[in-house]
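Structure record follows, encoded as structure tokens.
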Ligand SMILES: NC(=O)c1ccc[n+]([C@@H]2O[C@H](COP(=O)([O-])OP(=O)(O)OC[C@H]3O[C@@H](n4cnc5c(N)ncnc54)[C@H](O)[C@@H]3O)[C@@H](O)[C@H]2O)c1
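In my numbering, the protein residues as written are 6 to 267.
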């Protein structure tokens with residue numbers, strides 16, 4: 006595959022999956038505009054330092070991105086160990102607003118990939134609540150309105166990624182025939198965020214999943230799926246989610262069904 010002549014904006018470029026994706030893109034010949042609140046240890050392309058947790062921060066980043074880019078990879082994210090307001094601000098509204106501001110700068114035939122998670126696989130059961138929140142006109146009001154809802158504040162990471170699954174479909178549907186928008190849902194991946202997931206989701210659960218699979222995902226495993234989704238080979242994939250978890254979700258679903266049937 007060659008991505009010569011393509012320019013991709015990659016958020017979360019200073020660590021983990023974002024760093025691996027930027028490196029893979031560059032190996033395929035693409036130009037990377039990396040975005041992060043932290044300065045990456047290595048940066049071969051252009052780097053834009055910015056905070057995606059506020060509308061002002063998102064706008065400042067978007068202002069520095071030129072017209073005519075080929076796509077946007079929304080990889081930056083925070084775990085559920087961060088304050089729930091920050092989780093929702095970065096993972097939902099950071100993704101939504103950066104995409105809204107950059108879509109007009111994406112050339113026809115471009116692509117957006119959003120990082121969701123396999124913990125969001127049950128999102129459709131909460132579709133109404135998720136869609137209302139993710140599409141609320143005012144992000145600050147939407148965050149304030151869920152302050153007394155422990156289902157959201159106590160599961161802010163899962164809820165945020167459920168919103169990403171929904172936003173992916175909204176963004177795809179609004180840009181049919183021009184820009185494709187898909188999401189990737191990893192299971193546990195060996196990056197700095199994994200320790201936070203152990204605190205948030207339970208150490209035994211995460212370590213049990215890794216033991217079952219024989220290893221955690223590698224950032225490179227996820228980068229390959231992300232790069233595939235923005236490539237011409239994925240030209241007919243739009244508004245969908247690619248679960249990249251070594252089979253963990255399939256195994257959990259089959260096991261739960263076997264238990265229910267027993
Ligand atoms: N690692 C996993 O097990 C896993 C599993 C499922 C989904 N994900 C998702 O994949 C994405 C990448 O995660 P990762 O594993 O590479 O984690 P990571 O912690 O290694 O990287 C996340 C990056 O996002 C950046 N970031 C966070 N908040 C930001 C902000 N306000 N403004 C700008 N940059 C910000 C961080 O500085 C960091 O460089 C995240 O969206 C995460 O939720 C990860």
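Note that beta-carbon positions come from the ideal geometry of N, C-alpha and C, so glycine has one too.
Where do the N-terminal and C-terminal ends of the alpha helix (DSSP H) with residue i fall, by residue?
i	result
residue 154	Per DSSP, residue 154 belongs to no alpha helix (DSSP H) and is neither H nor E.
residue 227	224-235
residue 108	Where residue 108 is concerned, there is no enclosing alpha helix (DSSP H), given that its DSSP letter is neither H nor E.
residue 48	Careful: residue 48 lies outside any alpha helix (DSSP H) and carries neither H nor E.
residue 60	60-68
residue 99	Looking at the DSSP string, residue 99 is not in any alpha helix (DSSP H), and its letter there is neither H nor E.
Does the beta-carbon of residue i, which I'm using as the reference point, lie nearer than 7 Å to any heavy atom of ligand 1?
i	result
residue 139	no
residue 136	no
residue 16	yes
residue 19	yes
residue 27	no
residue 64	no
residue 246	no
residue 126	no
residue 52	no
residue 38	no
residue 306	Only positions 6 to 267 of the chain appear in the structure, and residue 306 is not among them; the question remains open.
I'd like to know if residue i contacts chain C, where contact means its C-beta is closer than 8 Å to some C-beta of that chain.
i	result
residue 243	The structure shown contains no chain C; it is built from a single protein chain.
Checking the sheet assignment: what are the DSSP bridge partners for residue i?
i	result
residue 116	76 and 185
residue 191	249
residue 16	40
residue 54	41
Return yes when at least one heavy atom of ligand 2 lies under 7 Å from the C-beta of residue i, else no.
i	result
residue 183	By its list of ligands, the structure shown excludes ligand 2, since it contains just ligand 1.
Determine contact between the stretch 212-226 and the stretch 31-51, defined as no fewer than three beta-carbon pairs at a distance below 8 Å.
no
Three or more C-beta pairs below 8 Å linking the stretch 54-65 and the stretch 27-36:
At 8 Å Cβ cutoff, the stretches do not touch.
State whether the stretch 67-77 contacts the stretch 140-155, with contact taken as three or more CB pairs (one from each stretch) at a distance under 8 Å.
no
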